[in-house]
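Colleague:
Protein chains: 2
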Amino acid sequence: MDNLLKYIHSLTEFSEESWELLQPALSKKQYKKNEFLLHEGHICNSLFYIDSGYCKSYYEIDGAQKNTAFFFENDIATNINSFGSGEKSEFNIIACEPLAAVIFDKQKLFKAAKQSNEIEALGRNCIRMFASKQEEFSTLFKLYSAQDRLNYLEVNHPDMVQRVSLSQLASFLGVARETLSRIRKRRTSV
Amino acid sequence: MDNLLKYIHSLTEFSEESWELLQPALSKKQYKKNEFLLHEGHICNSLFYIDSGYCKSYYEIDGAQKNTAFFFENDIATNINSFGSGEKSEFNIIACEPLAAVIFDKQKLFKAAKQSNEIEALGRNCIRMFASKQEEFSTLFKLYSAQDRLNYLEVNHPDMVQRVSLSQLASFLGVARETLSRIRKRRTSV
DNA sequence: CTAATCCTGTGACAATCGTCACAAAATTAT
DNA sequence: ATAATTTTGTGACGATTGTCACAGGATTAG
Numbered sequence: 001m002d003n004l005l006k007y008i009h010s011l012t013e014f015s016e017e018s019w020e021l022l023q024p025a026l027s028k029k030q031y032k033k034n035e036f037l038l039h040e041g042h043i044c045n046s047l048f049y050i051d052s053g054y055c056k057s058y059y060e061i062d063g064a065q066k067n068t069a070f071f072f073e074n075d076i077a078t079n080i081n082s083f084g085s086g087e088k089s090e091f092n093i094i095a096c097e098p099l100a101a102v103i104f105d106k107q108k109l110f111k112a113a114k115q116s117n118e119i120e121a122l123g124r125n126c127i128r129m130f131a132s133k134q135e136e137f138s139t140l141f142k143l144y145s146a147q148d149r150l151n152y153l154e155v156n157h158p159d160m161v162q163r164v165s166l167s168q169l170a171s172f173l174g175v176a177r178e179t180l181s182r183i184r185k186r187r188t189s190v
Numbered sequence: 001m002d003n004l005l006k007y008i009h010s011l012t013e014f015s016e017e018s019w020e021l022l023q024p025a026l027s028k029k030q031y032k033k034n035e036f037l038l039h040e041g042h043i044c045n046s047l048f049y050i051d052s053g054y055c056k057s058y059y060e061i062d063g064a065q066k067n068t069a070f071f072f073e074n075d076i077a078t079n080i081n082s083f084g085s086g087e088k089s090e091f092n093i094i095a096c097e098p099l100a101a102v103i104f105d106k107q108k109l110f111k112a113a114k115q116s117n118e119i120e121a122l123g124r125n126c127i128r129m130f131a132s133k134q135e136e137f138s139t140l141f142k143l144y145s146a147q148d149r150l151n152y153l154e155v156n157h158p159d160m161v162q163r164v165s166l167s168q169l170a171s172f173l174g175v176a177r178e179t180l181s182r183i184r185k186r187r188t189s190v
């Protein structure tokens, strides 16, 4: 829980009392590689704080996996729409490596938030961070070419480029596997 | 303010008392066409509830406008990252038509939120809606081709396709103006 | 260690897209 | 109403991308 506490302190003011109040909403869980954190068709009632390892969200379309996000250490993974609205998730979240997460239970989190403004503020900040991240990646597609998007990731999210395989990165960047391979070749030779 | 009140009620429980408490944070403003709601380089300290008309956010890159979002009646427009973090905005928000907005002032909104859990919840819901929307459009690029993205907009956001000109829509869909014109031609002839 | 599986690179070719250029159509301003 | 401006359509052409196919390399499972 040490990493989580540090993470929380980096986001917002947080007293020891709030931390105690938050405990009932938290649980640790280990996932094996390829184990699901969230299944398509299920309702997302959790926020997943990633303590170690990483996971991805993906849609299954015509039998192919289309990756829409990667979540690493100190990220919060969730389906923000399903979590907020209670609707079924249209995508999956799956561990890409052995993964350790701290799970925030929605109901218990809301109960705790009512008892502490700091917990309330924490929740708001998590959602805001999530929104900023979505905006960032959404903007990439409108401003840049596929090649520029790869550049951007290499500069701003080098960890992602290093840890995620080319095949996995391709759908995230909105191009075919082969195209990403050729882009990389063009880039390195220049 | 009638529309705003309806909008709030559609999102969350909201007592008359909360409504009264919220008033000091609100102000109405009319914008002319091409007037800025938010300027690049400025800090975003407002949420803009769009009462009538519509606006867009865009980056200015190499002298060209790259549109990243459109906000219509009953939408909240803002730079969620700048609003939350206090950093300068990297993009502009500009009225595309004569526009009437209700502006939420950040400082006063936070003050009001401390006095009412319902206002607090409203703020959280607005951010969540914003995050969902970003996620929706971000996903489009990873799952679909340019043609499919246009299809999606026509089905799920017909108002946008109707009200926004082709040139404006193009950068939002991540393609050149000419390409969008040809995609539309292909589509209608099939 | 060996076999099976997965990942990456690459060739070929057609489809799509970006860019430049210009004309027609639509909209806006005076 | 007329002129000015903006928006849209389209041709040409080169660049980029998707798709199919296959081979070599890396990784994983047993």
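Here the protein sequences come in this chain order: E and U.
Under the working numbering, residues 1 to 190 are what the first sequence spells out, in order.
Under the working numbering, residues 1 to 190 are what the second sequence spells out, in order.
Where a beta carbon is used, it is the ideal one built from N, C-alpha and C, also for glycine.
Every value quoted in this text rests on a predicted model; they were computed, and no experiment measured them.
For the region 128-150 of chain E, list every residue whose C-beta sits within 7 angstroms of some C-beta in chain U, in sequence order.
Modeller: Correct list: Arg128, Phe130, Ala131, Ser132, Gln134, Glu135, Phe137, Ser138, Thr139, Phe141, Lys142, Leu143.
Colleague: Between the C-alpha atoms of Gln30 (chain U) and Ala176 (chain U), what's the straight-line distance to the nearest angstrom?
Modeller: If you take the alpha carbons of Gln30 (chain U) and Ala176 (chain U), they lie about 32 angstroms apart.
Colleague: Pull out every residue of the region 48-72 of chain U whose Cβ sits closer than 8 angstroms to any Cβ of chain E, in chain order.
Modeller: Per Cβ criterion, the list reads Tyr59, Ile61, Lys66, Asn67, Thr68.
Colleague: Tell me the DSSP bridge mates of Ser27 (chain U)?
Modeller: For Ser27 (chain U), which the question treats as bridged, DSSP gives the partners U:Ile103.
Colleague: Report the option in U:Asp75, U:Ile93, U:Thr12, U:Ala112 whose CA atom is closest to the CA atom of Cys44 (chain U).
Modeller: Checked all of U:Asp75, U:Ile93, U:Thr12, U:Ala112; the closest Cα to Cys44 (chain U) is U:Ile93.
Colleague: Going straight from the alpha carbon of Lys33 (chain U) to that of Asn3 (chain U), what length do you get?
Modeller: Their Cα atoms are separated by approximately 21 angstroms.
Colleague: What did DSSP end up calling Thr179 (chain U) once you bin it into helix, strand or coil?
Modeller: Helix.
Colleague: In the structure shown, what three-state DSSP assignment does Phe172 (chain E) receive?
Modeller: Three-state DSSP puts Phe172 (chain E) in a helix.
Colleague: Only counting runs of 3 or more residues, tell me where the beta strand (DSSP E) segments fall wholly within the region 57-119 of chain U, in order along the chain.
Modeller: Here the runs fully enclosed are 64-71, 92-95, 99-105.
Colleague: Determine the closest residue to Phe48 (chain E) out of E:Ile119, E:Phe72, E:Ser145, E:Thr12, with distance taken between C-alpha atoms.
Modeller: Closest by alpha carbon: E:Phe72.
Colleague: Find the residues of chain E that neighbour Ser17 (chain U), judging by a C-beta separation of less than 8 angstroms, and give them in chain order.
Modeller: Residue identity check: residue 17 (chain U) is Glu in the sequence provided, not Ser. Within 8 angstroms Cβ-Cβ: nothing; Glu17 (chain U) doesn't reach chain E, min ~18 angstroms.
Colleague: Could one say the Cβ of Arg177 (chain E) lies closer than 8 angstroms to chain U's Cβ atoms, at least one of them?
Modeller: For Arg177 (chain E), the answer is no, since every Cβ of chain U falls outside 8 angstroms of its Cβ.
Colleague: Going by CA-CA distance only, name the one from E:Met129, E:Tyr58, E:Glu178 that's closest to Glu90 (chain E).
Modeller: Closest by alpha carbon: E:Tyr58.
Colleague: Nearest chain U C-beta to Asn81 (chain E) closer than 8 angstroms, yes or no?
Modeller: So, interface residue.
Colleague: If you draw a straight line from the alpha carbon of Ser191 (chain U) to that of Cys96 (chain E), how long is it in whole angstroms?
Modeller: With chain U represented from 1 up to 190, any question about residue 191 (chain U) goes unanswered, as that position is not in the structure.
Colleague: Looking only at its chain, what residues have a beta carbon closer than 7 angstroms to the beta carbon of Val190 (chain E), apart from the 5 residues adjacent to it on each side?
Modeller: Summary for Val190 (chain E): the model assigns pLDDT 47, below 50, so the residue's position carries little reliability; its value from the coordinates is reported in the next sentence. Hits under 7 angstroms: none found.
Colleague: Rounded to the nearest angstrom, what separates Cys126 (chain E) and Asn156 (chain U) at their Cα positions?
Modeller: The alpha-carbon atoms of Cys126 (chain E) and Asn156 (chain U) are separated by roughly 28 angstroms.
Colleague: Looking at the unbroken alpha helix (DSSP H) that takes in Ser46 (chain U), where does it start and where does it end?
Modeller: Here Ser46 (chain U) belongs to no alpha helix (DSSP H); instead the beta strand (DSSP E) covers 46-52.
Colleague: Any idea what DSSP makes of Phe192 (chain U), helix, strand or coil?
Modeller: Absent from the structure is residue 192 (chain U), since the part of chain U shown begins at 1 and ends at 190.
Colleague: Give the DSSP-derived three-state secondary structure of Phe36 (chain U) in the structure shown.
Modeller: Phe36 (chain U) falls in the strand class under three-state DSSP.
Colleague: With a threshold of 6 angstroms on Cβ separation, who are the neighbours of Pro230 (chain E) within its own chain once the five nearest residues in sequence on each side are excluded?
Modeller: Because chain E is modelled from 1 through 190, residue 230 (chain E) falls outside the range shown and cannot be assessed.
Colleague: Can you check DSSP and say which residues form a bridge with Cys55 (chain U)?
Modeller: Partner(s): U:Phe71, U:Ala95.
Colleague: Would you check if the region 164-175 of chain E and the region 112-123 of chain E touch, i.e. whether three or more CB-CB distances between them fall below 8 angstroms?
Modeller: No: the two stretches stay apart, fewer than three of their Cβ pairs being nearer than 8 angstroms.
Colleague: Taking the continuous alpha helix (DSSP H) assigned at Ser10 (chain E), which residues delimit it?
Modeller: Residues 2-11.
Colleague: Less than 6 angstroms between C-beta atoms, sequence neighbours within five positions excluded: which residues of the same chain meet that for Trp19 (chain E)?
Modeller: Counting only Cβ-Cβ distances below 6 angstroms, and skipping sequence neighbours, we find nothing.
Colleague: Nearest to Gln65 (chain E) by alpha carbon, out of E:Met1, E:Phe172, E:Arg186, E:Ala100?
Modeller: The residue with the shortest Cα to Cα distance from Gln65 (chain E) is E:Phe172.
Colleague: Can you pull the chain U neighbours of Glu120 (chain E), defined as C-beta to C-beta under 7 angstroms?
Modeller: Near Glu120 (chain E) (Cβ distances below 7 angstroms), the residues of chain U are Glu120.
Colleague: Cβ of Gly174 (chain U) within 8 angstroms of Cβ of Phe130 (chain U)?
Modeller: No, these two residues do not count as a Cβ contact at 8 angstroms.
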